[in-house]
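See below for the structure under consideration.
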Amino acid sequence: MYISIFRTLYKNVTDNERIERLLRRNNISFEKTLNEKGSRYKIAYDNEETLSTFRKNLRTMYPQICL
Numbered sequence: 001m002y003i004s005i006f007r008t009l010y011k012n013v014t015d016n017e018r019i020e021r022l023l024r025r026n027n028i029s030f031e032k033t034l035n036e037k038g039s040r041y042k043i044a045y046d047n048e049e050t051l052s053t054f055r056k057n058l059r060t061m062y063p064q065i066c067l
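For the sequence shown, full-length UniProt numbering assigns the number 1 to the initial residue and increments by one for each residue that follows.
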């Protein structure tokens, strides 16, 4: 199992639900933490292929988020 962390800022991401649906669709478990500037996601996944698929789709939706 692998674990990664990425952050989103409210000025860049208007719909966090969209990111969460994408995580669920790729069977990636996540833990979300909120603060005044944005959200922090701690994700756990089984293989690199799962992450690369998620990363590709996330980059299409929000190119300003680096993972």
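Ideal Cβ placement from N, Cα and C applies to all residues, glycine included. Fair warning: this is a prediction, and the values are worked out from it, not measured in the lab.
- [ ] Apply the 10 Å Cβ neighbour rule to residue 84 and answer buried if 16 or more other Cβ atoms are within range, or exposed otherwise.
- [x] Limits of the chain in this structure are 1 at one end and 67 at the other, which puts residue 84 out of reach.
- [ ] Could you spell out the range, first to last residue, of the alpha helix (DSSP H) harbouring LYS56?
- [x] From DSSP, the alpha helix (DSSP H) with LYS56 extends over 48 to 61.
Task: For ARG21, the nearest candidate out of PRO63, PHE54, LEU67 (CA to CA) - done: Among PRO63, PHE54, LEU67, the Cα nearest to that of ARG21 is on PHE54.
Open item on the list: Tell me which residue opens and which closes the alpha helix (DSSP H) that GLU31 is part of.
Closed with: Premise fails: GLU31 lies in the beta strand (DSSP E), 29 to 34, not in any alpha helix (DSSP H).
Task: Member of CYS66, GLN64, TYR45, LEU58 whose CA lies at the smallest distance from the CA of ARG18 - done: The candidate whose alpha carbon is nearest that of ARG18 is LEU58.
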